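This report concerns only the one structure given below.
Residue numbers (UniProt numbering), protein chains in the order written: chain U, 1 to 363; chain Y, 1 to 931.
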């Protein structure tokens with residue numbers, strides 16, 4: 001465990017260096033080891049399979065750095081206590097924590113994810129309300145499956161100011177989104193994470209590192225990847241299906257719209273001709289009619305979902321990419337060891353990649 | 001009275017009774033008549049006391065009326081009179097037998113006179129209070145009306161109050177004089193003789209006729225509401241009234257005397273009837289003989305003797321009628337005319353027919369008339385239930401069977417009887433003569449109707465009750481009758497009729513499994529064994545709802561019979577329907593006895609599948625039954641595919657129960673109103689002919705499993721895979737949805753569990769799920785050749801499991817030894833070899849056989865699951881791109897300013913999608929670089 005955390009902290013610091021320039025009040029997030037452990041523990045205890053666990057993050061802002069020093073989980077909902085007051089519970093919890101002298105400032109929330117599928121309407125809405133109320137709040141996404149495979153996956157996201165504006169206006173029509181000029185990449189911004197521990201803990205970890213055997217670290221080198229890949233592909237496929245549907249919907253919408261435009265145009269032309277005739281005859285022109293009443297534009301489909309799906313697809317792709325690149329590395333390592341039986345796997349991977357390639361060529 | 005009189009008397013009675021029956025008042029209800037008939041029986045038993053009671057009641061009432069008359073209390077009078085009428089109605093039965101009591105007539109006459117008197121006495125009327133005046137007028141009207149029925153009696157009474165009263169008395173006595181001489185009778189007859197000349201003969205005659213007709217009317221359950229008949233009697237009515245006025249004074253005087261007389265009368269009355277009755281019963285024949293003798297003598301005695309006969313058998317012949325064919329036919333027609341009329345008592349009618357038959361038999365009128373009457377009895381038995389939906393009561397049914405049996409007996413015994421529907425009523429020859437009898441009627445129709453009734457009875461009996469079994473026992477008799485009719489028809493009937501009766505026979509044969517022939521074909525085992533078998537078979541029989549009553553008498557195999565009958569029908573029948581039914585039954589019978597190829601060929605040759613939808617529902621039901629049986633037969637023969645195809649239509653609808661006519665599905669009333677439901681109910685197949693639905697479903701599911709599981713394994717990644725059996729998939733899905741999977745309970749669960757095992761190629765588990773105690777008792781034991789079917793099933797399971805195994809796991813093998821496979825699936829090497837070869841030839845399995853080592857070398861060309869997934873994804877992405885392009889095409893196909901503005905955004909959007917996909921390219925390039 002200790003080693004894993006170490007590595008993750010390394011990777012996250014590496015990430016922090018990539019995303020340097022962010023125009024938000026929070027440029028860096030510093031997480032206490034305690035918080036990480038608590039989140040992991042929470043999932044371990046309550047989350048199963050595709051179930052999602054959530055909780056509240058507590059901390060404070062120092063300059064442009066958000067320090068998350070503690071957290072507590074939302075209680076699991078069951079049918080019997082439908083009238084459970086969540087807000088009440090949170091307030092109560094924070095008050096109690098203040099009594100024991102812990103940071104009690106609400107700075108965001110965390111959520112677990114299933115194979116990286118977290119870009120959803122629900123997340124968007126709740127993060128929007130958080131960010132609306134507390135400007136610097138973030139959402140921490142914890143991926144337990146990846147973590148189980150050997151590398152801690154914890155990511156912090158915030159909504160971009162653009163998206164915030166759109167959400168504020170609740171304008172999800174194609175035009176609205178166009179005006180905002182927002183793509184799926186501009187929806188969320190990832191904030192670099194640094195895991196910080198006290199010196200004492202660091203010392204302890206070094207000690208543990210020394211004691212841990214080599215076998216403990218071998219988890220990282222697990223070569224059986226097809227299951228994960230398959231799952232990801234499955235989910236990806238579902239999203240692609242959704243996307244197709246959305247596009248078809250949009251397609252019909254735009255076709256209807258253009259048809260109507262045409263009708264409107266014709267109507268206007270006819271009217272103009274008539275008016276011209278009347279003028280030549282010396283009659284008064286026809287009164288102006290409300291054209292918008294005559295031609296009600298079709299209901300435009302909300303495009304937010306499409307955006308979200310695109311974001312999700314992007315996310316999956318990144319996951320797959322990351323995963324495959326890692327696995328390829330592992331495979332090369334294995335090959336150098338002379339493991340012959342790896343060949344087949346590689347073949348698989350290669351073949352599937354070929355298909356991808358073909359596809360993108362087509363695009 | 002002369003002989004002439006007697007004759008004319010009976011004639012007139014005949015005609016009048018005709019009228020009575022035809023003009024029957026609709027008010028008379030069925031129930032009432034039933035009650036009356038009950039009463040009749042009662043009175044026969046305790047005649048004396050009942051009569052006593054009634055008459056006493058009457059006299060008491062009369063007494064009060066007279067008292068009321070004395071004190072001029074009209075309201076009281078009215079009240080009592082109404083009661084009296086009611087009481088008289090009640091005692092009608094007795095009155096029918098005994099004649100109207102004279103004291104009653106006397107009262108009626110007196111009362112009328114008295115009322116008229118009061119009516120005319122204007123002053124007296126004025127003095128009366130309002131109530132009384134009102135009662136007076138109503139009473140007067142009432143009695144006028146009422147008295148019309150008794151006019152002649154009253155007239156007779158008024159003519160000679162004293163005498164007629166006596167005569168009434170004596171009239172009953174002479175009947176005994178012929179048989180026995182009881183002292184009183186002698187005396188009275190003497191007195192009668194003495195008085196006779198004095199009494200005006202016409203009056204007595206009149207009274208006689210009236211009385212008889214009265215009897216008639218009352219016995220035919222008529223209420224006294226005889227307003228309709230007014231016309232008949234009105235002239236005499238006026239006569240009697242004129243007479244009345246003359247005799248008013250006389251009557252007033254006599255009233256007192258009568259009261260005293262009454263008392264005496266009563267005591268006499270009470271003693272006689274019992275004796276008389278017994279005697280009468282003893283000697284109906286004797287009487288007739290006497291009657292005939294008396295005919296020679298002439299004179300009035302004979303007429304008097306005729307009276308009791310009429311009284312005894314109210315509707316039959318008056319005494320003195322020579323019972324000959326013509327008369328009986330006439331009578332028969334008379335009874336027949338009442339048939340179907342609203343107020344007719346059907347039970348009584350049947351009784352009448354029986355009585356008529358008895359009379360006909362007694363008088364040796366020949367078989368012709370007997371046959372005719374029998375026809376009518378049966379017809380009226382069928383008529384007994386006015387409602388088409390209602391079924392016969394057991395006793396009626398028994399009677400009906402008996403009658404038909406008797407009729408057939410007669411027909412067989414006497415070769416010279418011709419029956420036919422098309423013999424006209426006039427050309428009938430019923431009399432005994434040299435000519436053969438000709439009778440109108442169709443025995444075939446009757447038997448067909450009987451068969452339908454039987455079906456109806458079976459439909460309406462609870463199939464799980466002892467009653468059903470009891471009823472089912474009659475099936476033997478029904479079959480017997482059909483058989484007898486068949487032999488009869490073969491000699492006499494036309495081809496059409498033969499076809500019809502053959503069809504009946506076929507209908508009773510086709511669904512029964514011929515165990516005898518089956519055993520014979522198996523080769524006779526030891527006697528004890530076969531007996532045991534029989535018992536077992538019988539048990540199976542019950543379960544399978546097949547017929548227990550095998551025609552033991554029939555030496556022939558049912559197959560031979562079916563063949564003969566059906567072929568005759570194929571050759572001779574001209575109506576399409578009979579042939580269709582015969583073909584279907586034939587196929588069913590073949591299928592039932594596992595003659596699959598014959599059954600299938602017949603089905604294909606008949607081309608019924610093409611046009612069965614134009615047939616009427618019962619035939620369609622038969623067709624469905626046949627198809628199902630065919631499917632089950634195919635299954636037994638191991639033709640899984642054929643079985644599946646045959647059952648697919650029935651099973652996939654989910655309405656197998658309804659389609660086979662084995663029950664109605666619960667549906668809301670919108671789809672089917674009550675009327676339709678009734679019709680559908682009538683179409684139901686009786687329980688003993690049912691095809692076990694669970695068996696049907698199990699056969700279907702198992703055959704679907706044997707087809708579907710290998711197919712699924714072979715096409716696991718085929719995007720365009722279609723389902724072979726929707727229902728089977730549905731069952732699988734239901735099984736998957738279960739949150740907790742316990743050991744299978746129901747048949748379906750067993751099949752689902754077996755399917756899952758088969759999916760893994762685990763034939764042993766699959767086998768244990770399909771064939772085990774539970775499934776045996778539920779399904780497999782219902783087959784006649786259990787062992788063979790089980791063996792076939794095991795074999796099929798092994799083979800299909802092998803195929804599934806190869807499909808599913810070929811990707812993990814480089815090569816596999818056939819010996820191993822044969823060991824794994826417990827199949828012989830050649831079988832394994834043939835299966836694998838077939839798979840290779842069909843390009844289902846990418847492999848080749850290595851002969852020397854007896855191994856299968858996999859070519860490993862099938863993509864892995866991940867690759868398959870990627871392929872699928874690629875396909876989907878292709879779709880997506882296509883759709884996307886369509887959107888952008890629309891935008892580039894620019895129209896108007898709106899889209900121009902849009903274009904940039906749209907393009908950008910598209911780009912963004914592409915960028916998402918570019919991530920893939922990166923992945924791919926990674927892969928590429930690695931290679």
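All C-beta atoms, glycine included, are put in the ideal place defined by N, C-alpha and C.
Small disclaimer: the values here were computed from a predicted structure and weren't measured.
Here residue 107 (chain U) is buried, its C-beta having at least 16 other C-beta atoms within 10 Å. Between the segment 134-141 of chain U and the segment 93-113 of chain U, the count of Cβ pairs shorter than 8 Å is three or higher; the stretches touch.
Spatial neighbours of residue 264 (chain U) in its own chain (CB-CB distance under 6 Å, excluding positions within 5 residues in sequence) are listed in chain order as 295. Contact annotation: residue 300 (chain U) and residue 174 (chain U) have beta-carbon atoms nearer than 7 Å.
Distance check between residue 306 (chain U) and each of U:76, U:132, U:229 and U:182 places U:182 closest, using alpha-carbon atoms only.
One thing to note: residue 704 (chain Y) has its Cβ no nearer than 7 Å to the Cβ of residue 767 (chain Y). Inter-segment contact for the segment 396-415 of chain Y and the segment 485-500 of chain Y is present: three or more beta-carbon pairs are separated by less than 8 Å.
Going by beta carbons, residue 817 (chain Y) and residue 761 (chain Y) fall outside the 7 Å limit.
A straight line joining the alpha-carbon of residue 642 (chain Y) with that of residue 146 (chain U) spans about 52 Å. Against chain U, the beta carbon of residue 865 (chain Y) has neighbours under 7 Å at 230, listed in chain order.
Here the segment 87-106 of chain U makes contact with the segment 51-68 of chain U; the two share three or more CB pairs at distances below 8 Å. Taking C-beta atoms as the reference points, residue 331 (chain Y) and residue 439 (chain Y) fail to come closer than 7 Å. In the three-state reduction of the DSSP assignment, residue 418 (chain Y) falls in the strand class, which pools E and B. In the displayed model, residue 267 (chain U) falls within a helix according to three-state DSSP. Within the segment 236-251 of chain U, those residues whose Cβ lies closer than 7 Å to any Cβ of chain Y are, in chain order, 236, 237, 240, 241, 243, 244, 247, 248, 250 and 251. Boundaries cannot be given for residue 692 (chain Y), as no alpha helix (DSSP H) includes it and DSSP labels it neither H nor E.
As the crow flies, the alpha-carbon of residue 521 (chain Y) is around 19 Å from that of residue 511 (chain Y).
At a cut-off of 7 Å, the C-beta of residue 233 (chain U) has a neighbouring C-beta in chain Y.
When C-beta distances to chain U are compared with 8 Å, the residues of the segment 875-892 of chain Y below that value are 876, 877, 878, 879, 880, 881, 883, 884, 886, 887, 890 and 891, in chain order. Assignment of beta strand (DSSP E) within the UniProt domain "MPN" (29-163) of chain U, counting only whole runs of 3 or more residues, yields 54-62, 65-73, 106-112, 138-142 and 154-159 in chain order.
Straight-line measurement puts the Cα of residue 649 (chain Y) at about 26 Å from the Cα of residue 506 (chain Y). Contact of residue 254 (chain U) with chain Y is assigned, a C-beta pair being separated by under 7 Å. In its chain, beyond the 5 residues on either side, 236 have a beta carbon closer than 8 Å to the beta carbon of residue 317 (chain U). Distance from the Cα of residue 637 (chain Y) is smallest, within the candidate group Y:756, Y:792, Y:474 and Y:582, for Y:792. Residue burial is scored here from C-beta neighbours: residue 775 (chain Y) has at least 16 other C-beta atoms within 10 angstroms and is therefore classed as buried. Assigned with DSSP and collapsed to three states, residue 615 (chain Y) falls in coil, not helix or strand. Residue 779 (chain Y) sits in coil when the DSSP states are folded into three classes, being neither helix nor strand. Contact annotation: in the UniProt domain "MPN" (29-163) of chain U, no residue has its CB less than 9 Å from a CB in chain Y. Relative to the Cα of residue 789 (chain Y), the nearest Cα in the group Y:479, Y:682 and Y:634 belongs to Y:634. Three or more beta-carbon pairs drawn from the segment 859-877 of chain Y and the segment 226-233 of chain U are found closer than 8 Å, and the two stretches are therefore classed as touching.
Here the alpha carbon of residue 178 (chain U) sits roughly 51 Å from the alpha carbon of residue 740 (chain Y). Excluding its 5 nearest sequence neighbours in each direction, residue 813 (chain Y) has C-beta neighbours in its own chain below 7 Å: 858, listed in chain order. Of all alpha-carbon atoms in Y:609, Y:831, Y:756 and Y:55, the one lying nearest the alpha-carbon of residue 90 (chain Y) is that of Y:55.
Rounded to the nearest whole angstrom, the C-alpha separation of residue 137 (chain Y) and residue 156 (chain Y) is 26 Å.
For residue 194 (chain U), the enclosing beta strand (DSSP E) covers residues 193-196. With contacts defined by Cβ atoms closer than 7 Å, residue 195 (chain U) and residue 156 (chain U) do not form a contacting pair.
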